[in-house]
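Same order as they appear, the protein sequences are chains A and B.
Sequential numbering from 39 applies to the first sequence in this note's numbering.
Sequential numbering from 2 applies to the second sequence in this note's numbering.
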Amino acid sequence: MNKTDVIVSSDESEGLFNEFIQDQLDEILDEVINRGDLDRLGDRGSDIIIEVDDIVPPTFVYGDDSGGGGSGGPGPGNEKGKLRFRIPFQAFMELVGQKLRLPNLVKEGEGRIKEVSYTFKTFGQVGVILDKRRTFKRALRSSVGLGTYAPEKGRVEVQVRRRDRRFKVPQRVEKPRHRAVVFYMGDISYSTYGERLEMEKRLVNFIHQWLDFNYGAGNVEHRFFVHDVDAYEVAPSDFYKVANAGGTRASIVFELVSQIAFNEYDTNSTNFYAFYFGDGEVFEDDAKRIVEILGSEMRASFNRIGVVEVKPSQFSYLNREIKRQFEKDDVVRMGTLRQRTETVEVIKSLFGERRA
Amino acid sequence: MLSIHTEPELTALEERVLHHSRTFGRKVPEIRFFVLERLEFASLLEKDVYPTSPINIWEGKRMVHKKHAIEAGLESSMFYEVVQTGNPSYAYLNSANSPVTQASVMAHVVGHCEFSERNVLRDSNDNRTEYVMYLVRKVDRSRQQMGERDYLEYWNAVESATTLMAPNSQYNVARSVESESTIGADFKIPTKEMEKIGPKAPKVIVPVFDTLTVLLKGASEPSAFEAELRKRRRVATLSRKGYALKAPCQDVLDFLRRHAPASQAERSILDYKYVTRAPQDFVMRTQIMNEGWAMYWEKKIMLELFKERAVSGIIDYARVFSNVCRPRPYFQRNPYHLGYNLWCHIEQLYRDGKVSLDYHEEIDLEKKHAWRQKGTGDPIEAMGHLVDTVTDYEFLRRFLTPELIHELELNRIDRRTAERLGIKEQDLVSRDEHYVWLQPEPIKDEMLRFYTHFYRPRIYVIDTDFQDGGLLLFHRDDGRALRKDWIRPTLRNLNLIWKAPVALVSKDQLFAVTGNQYKSEEVKPVVFEQVVERMRRGEKPFRAS
Numbered sequence: 039m040n041k042t043d044v045i046v047s048s049d050e051s052e053g054l055f056n057e058f059i060q061d062q063l064d065e066i067l068d069e070v071i072n073r074g075d076l077d078r079l080g081d082r083g084s085d086i087i088i089e090v091d092d093i094v095p096p097t098f099v100y101g102d103d104s105g106g107g108g109s110g111g112p113g114p115g116n117e118k119g120k121l122r123f124r125i126p127f128q129a130f131m132e133l134v135g136q137k138l139r140l141p142n143l144v145k146e147g148e149g150r151i152k153e154v155s156y157t158f159k160t161f162g163q164v165g166v167i168l169d170k171r172r173t174f175k176r177a178l179r180s181s182v183g184l185g186t187y188a189p190e191k192g193r194v195e196v197q198v199r200r201r202d203r204r205f206k207v208p209q210r211v212e213k214p215r216h217r218a219v220v221f222y223m224g225d226i227s228y229s230t231y232g233e234r235l236e237m238e239k240r241l242v243n244f245i246h247q248w249l250d251f252n253y254g255a256g257n258v259e260h261r262f263f264v265h266d267v268d269a270y271e272v273a274p275s276d277f278y279k280v281a282n283a284g285g286t287r288a289s290i291v292f293e294l295v296s297q298i299a300f301n302e303y304d305t306n307s308t309n310f311y312a313f314y315f316g317d318g319e320v321f322e323d324d325a326k327r328i329v330e331i332l333g334s335e336m337r338a339s340f341n342r343i344g345v346v347e348v349k350p351s352q353f354s355y356l357n358r359e360i361k362r363q364f365e366k367d368d369v370v371r372m373g374t375l376r377q378r379t380e381t382v383e384v385i386k387s388l389f390g391e392r393r394a
Numbered sequence: 002m003l004s005i006h007t008e009p010e011l012t013a014l015e016e017r018v019l020h021h022s023r024t025f026g027r028k029v030p031e032i033r034f035f036v037l038e039r040l041e042f043a044s045l046l047e048k049d050v051y052p053t054s055p056i057n058i059w060e061g062k063r064m065v066h067k068k069h070a071i072e073a074g075l076e077s078s079m080f081y082e083v084v085q086t087g088n089p090s091y092a093y094l095n096s097a098n099s100p101v102t103q104a105s106v107m108a109h110v111v112g113h114c115e116f117s118e119r120n121v122l123r124d125s126n127d128n129r130t131e132y133v134m135y136l137v138r139k140v141d142r143s144r145q146q147m148g149e150r151d152y153l154e155y156w157n158a159v160e161s162a163t164t165l166m167a168p169n170s171q172y173n174v175a176r177s178v179e180s181e182s183t184i185g186a187d188f189k190i191p192t193k194e195m196e197k198i199g200p201k202a203p204k205v206i207v208p209v210f211d212t213l214t215v216l217l218k219g220a221s222e223p224s225a226f227e228a229e230l231r232k233r234r235r236v237a238t239l240s241r242k243g244y245a246l247k248a249p250c251q252d253v254l255d256f257l258r259r260h261a262p263a264s265q266a267e268r269s270i271l272d273y274k275y276v277t278r279a280p281q282d283f284v285m286r287t288q289i290m291n292e293g294w295a296m297y298w299e300k301k302i303m304l305e306l307f308k309e310r311a312v313s314g315i316i317d318y319a320r321v322f323s324n325v326c327r328p329r330p331y332f333q334r335n336p337y338h339l340g341y342n343l344w345c346h347i348e349q350l351y352r353d354g355k356v357s358l359d360y361h362e363e364i365d366l367e368k369k370h371a372w373r374q375k376g377t378g379d380p381i382e383a384m385g386h387l388v389d390t391v392t393d394y395e396f397l398r399r400f401l402t403p404e405l406i407h408e409l410e411l412n413r414i415d416r417r418t419a420e421r422l423g424i425k426e427q428d429l430v431s432r433d434e435h436y437v438w439l440q441p442e443p444i445k446d447e448m449l450r451f452y453t454h455f456y457r458p459r460i461y462v463i464d465t466d467f468q469d470g471g472l473l474l475f476h477r478d479d480g481r482a483l484r485k486d487w488i489r490p491t492l493r494n495l496n497l498i499w500k501a502p503v504a505l506v507s508k509d510q511l512f513a514v515t516g517n518q519y520k521s522e523e524v525k526p527v528v529f530e531q532v533v534e535r536m537r538r539g540e541k542p543f544r545a546s
């Protein structure tokens with residue numbers, strides 16, 4: 039048996055196991071998609087921990103009927119009969135995007151802002167960082183040629199000459215960097231608590247993740263605004279907390295966002311997104327004003343504007359009014375979130391391809 | 002994977018190690034050494050120390066975990082020695098090891114190869130690795146024949162049976178199953194023909210071990226008619242099935258691979274699993290002797306290598322050696338520590354002439370204590386005789402004394418563990434601020450008990466015609482209950498292999514899988530000895546109602 043040409047490897051078996059995990063992952067994603075179970079997405083930008091039931095060949099063993107033991111920890115591990123996998127946020131969101139058939143967002147501003155980094159892909163005769171491996175390799179080759187390294191004759195000197203030296207040469211790499219700003223607008227006059235609040239949170243969470251995924255977490259600014267009869271900016275943590283039982287006027291928050299977008303950002307290099315959440319119960323003139331702001335100010339500069347009615351009632355009027363003007367529009371999108379399971383449908387209507 | 006002959010330094014070391022092993026009188030088969038990369042090494046271990054294996058999800062799972070553990074620094078990738086004994090034997094070195102470690106691994110392997118070749122359970126076949134590689138190719142072909150889905154399903158089913166192996170049990174297939182090839186055993190074969198067949202002719206030994214039972218058997222001898230009837234039944238069964246159970250069979254997987262209705266492709270999977278896993282039984286039964294023997298000769302050879310300066314780094318070696326041979330409590334058996342020290346102790350016993358009738362019959366304790374008489378034979382030869390004739394059970398039974406247990410600190414456990422285990426004050430002989438020392442006397446019995454069950458349930462095939470062709474398994478009750486939620490899937494997997502109903506009797510419960518149906522019912526419990534006796538009498542060992 040000529041065994042020197044054998045490579046001991048478990049690649050095929052590992053592939054089989056990875057296929058199994060992939061199937062499990064698909065099932066989890068189906069669950070996310072079908073049930074709107076977006077809690078699985080975990081903390082923003084962090085790795086996603088996936089837990090699937092462990093697989094063990096059953097045998098006759100002593101013991102109780104509880105799960106297996108073992109320690110957990112990051113990456114594939116085993117904890118109480120569970121296999122735990124850590125998937126990078128980017129990879130997980132790619133899978134979600136594929137499953138939901140969401141196209142990548144169109145990024146503008148390319149060529150204006152660059153992310154500069156350096157790699158050491160080339161090697162030269164001058165430089166600062168000596169590549170020891172390459173230098174030694176060349177020196178050894180030269181020494182063999184010159185006869186100073188000839189172990190069979192008892193000569194083992196490796197001479198490192200100046201011309202043998204190889205230095206790592208940094209190469210400038212420029213990647214276009216896109217900036218984005220997302221405005222979340224919430225109506226605090228309606229009863230945002232309980233299930234309604236949960237549904238809104240889920241949706242905001244997904245939008246947050248999806249934009250971070252598309253632009254890179256550091257390149258997206260998320261700003262939160264609320265309104266009743268006034269509109270003002272709040273800290274992200276306060277977005278779900280502030281509430282007012284009084285009257286409402288939604289157009290002022292659109293006005294505020296529009297002003298901030300044009301006054302605080304460079305419209306040529308910034309990608310704008312705005313999402314409004316409310317019950318849609320606005321006065322007719324208020325709705326008309328919103329349509330006006332959308333059409334005359336925001337639509338031209340914003341990449342996407344989403345208006346979502348969360349648990350709307352028969353008096354909800356906002357989307358009806360917007361629909362008249364923007365039904366087939368690619369930038370202005372509408373969604374109606376009546377129950378949790380519709381979350382995915384709303385996501386699709388906000389980010390999916392618009393059919394002609 | 003490279004032969005060490007591609008590396009001159011290792012080749013020279015191999016030559017010196019083998020030279021010294023021959024000088025010490027070690028008789029070893031041909032050993033082929035190879036050098037593996039770190040992950041190759043990890044993979045080899047997952048393949049039961051063979052260079053190839055058929056594709057399977059379990060190996061994949063273990064490797065993914067192992068790779069992660071190595072990369073995260075949770076597990077060391079330093080594996081010191083891995084050897085597949087046989088003729089030739091294949092030993093694998095880790096490319097990351099230093100020359101002194103490589104030399105010690107080679108010296109260690111010498112001990113293992115000799116032990117496997119000589120021991121009474123002999124774990125060595127000609128061309129074993131080559132045969133397994135041939136089986137792997139067969140299984141790969143089977144995969145194509147069966148289709149991916151069926152292949153994986155069958156493989157996973159066989160995994161459930163891999164713990165049901167006992168090739169060295171007194172109830173293994175050779176002793177429990179009568180097949181067409183062994184039917185002639187009832188007849189006396191003429192001596193000349195016996196000589197022709199040679200010692201390899203199959204022996205049928207009816208497992209009756211109780212001498213008193215044999216002596217008293219005459220009183221209940223069946224009548225000639227009954228004996229004839231039983232014989233006829235057995236012959237009828239044999240001619241119908243090709244085999245008959247005459248005693249419970251503990252080697253369930255071996256039984257299945259021989260007698261389960263299976264296609265060629267399925268049988269190749271059963272063969273592969275059995276052949277690669279069977280040596281584990283040998284390891285369990287001889288680990289202390291085997292590792293101790295390997296450490297003993299490793300040290301002797303290494304000291305010679307240091308003396309002749311073939312290798313340097315004696316301090317490093319001493320550090321590794323003492324780490325490997327560090328004492329552990331008896332329930333965490335460190336076979337290197339216990340085995341090595343026992344062999345050294347035995348050598349000294351022989352040198353002092355203490356393994357003799359005179360020594361045992363000496364009643365003067367003072368004399369006995371100061372006993373230093375030159376033994377009659379060569380201690381090494383006597384130790385070799387032990388290798389040839391006993392396994393761990395007898396080894397410990399004969400040589401492990403309470404004094405030695407205390408001396409080797411098998412009874413030492415840290416205080417926190419002692420508290421957790423609820424060890425009482427009266428069970429201790431001494432204590433300090435870190436450790437407590439248990440009474441050594443009960444420890445030996447506890448250690449010997451391991452060899453009766455290896456902490457596993459003892460499962461036997463007792464009937465192959467249970468309720469119309471079903472396979473009946475029997476759990477020998479030792480007071481503990483089986484994990485219930487695993488019984489059903491395990492039976493289902495065995496059902497896939499047996500292709501007929503499979504049932505299990507455990508205490509007063511009968512669990513059965515028939516087709517897609519699973520049921521469990523209460524039954525009248527039956528003890529193992531009853532089962533054996535009924536089978537001996539040719540009766541049904543168990544009836545559900």
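Virtual Cβ for every residue (Gly too), placed ideally from N, Cα, C.
Measuring only the C-alpha atoms, how far is residue i from residue j?
i: A319(B); j: K300(B); result: 10 Å
i: L332(A); j: V164(A); result: 59 Å
i: S181(A); j: V84(B); result: 40 Å
i: F313(A); j: R240(A); result: 13 Å
i: Q103(B); j: L37(B); result: 12 Å
i: A551(B); j: D68(A); result: Beyond the ends of chain B as shown, which are 2 and 546, falls residue 551(B); an answer cannot be given.
i: K48(B); j: H6(B); result: 24 Å
i: Y244(B); j: S44(B); result: 39 Å
i: W344(B); j: L168(A); result: 55 Å
i: G185(A); j: F161(A); result: 26 Å
i: N56(A); j: E154(B); result: 17 Å
i: E404(B); j: P441(B); result: 8 Å
i: Q374(B); j: L350(B); result: 10 Å
i: A1(B); j: M166(B); result: A question about residue 1(B) goes unanswered here, because the residues of chain B that appear run from 2 up to 546.
i: E115(B); j: N291(B); result: 9 Å
i: R200(A); j: V166(A); result: 14 Å
i: K445(B); j: R432(B); result: 20 Å
i: E117(A); j: F123(A); result: Note on E117(A): pLDDT 43, under 50, position unreliable in the model; the coordinate value appears next. Roughly 11 Å separates the two Cα atoms.
Check this for me: beta carbons of residue i and residue j, under 7 Å apart or not?
i: K206(A); j: F158(A); result: yes
i: F307(B); j: I316(B); result: no
i: G1(B); j: G340(B); result: A query on residue 1(B) cannot be resolved here, the shown segment of chain B reaching from 2 to 546 and no further.
i: R330(B); j: I414(B); result: Per the sequence presented here, residue 330(B) reads as Pro, with Arg not at that position. Yes; because the gap between Cβ atoms is below 7 Å, this pair is in contact.
i: C250(B); j: V178(B); result: yes
i: V348(A); j: R261(A); result: no
Let me check one thing: in DSSP terms, what residues is residue i bridge-paired to?
i: D415(B); result: Y436(B)
i: S4(B); result: F35(B)
i: V503(B); result: L472(B) and V514(B)
i: F529(B); result: DSSP, once it has assigned bridges, lists no residue as partnering F529(B).
Grab me the residues of residue i's own chain with a C-beta within less than 7 Å of its C-beta, minus the 5 sequence neighbours each way, in chain order.
i: E348(B); result: P380 and M384
i: A158(B); result: N494, L497 and I498
Please work out which residues of its chain come closer than 8 Å, Cβ to Cβ, to residue i, disregarding the five sequence neighbours upstream and downstream, and give them in chain order.
i: T164(B); result: R457
Just to confirm my understanding: we take residue i, look at its own chain, exclude 5 residues before and 5 after, and list those with CB closer than 6 Å. What are they?
i: R217(A); result: N257 and T308
i: E391(A); result: P141
Taking only runs that begin and end inside the region 102-163 of chain B, name each unbroken alpha helix (DSSP H) of 4 or more residues, in chain order. 129-147 and 149-162
Tell me the start and end of each unbroken alpha helix (DSSP H) in the region 161-189 of chain A that is at least 4 residues and wholly inside, in chain order. 170-184
Unbroken stretches of the beta strand (DSSP E), 3 residues or longer, contained in the region 215-284 of chain A: 217-225, 258-265 and 269-272
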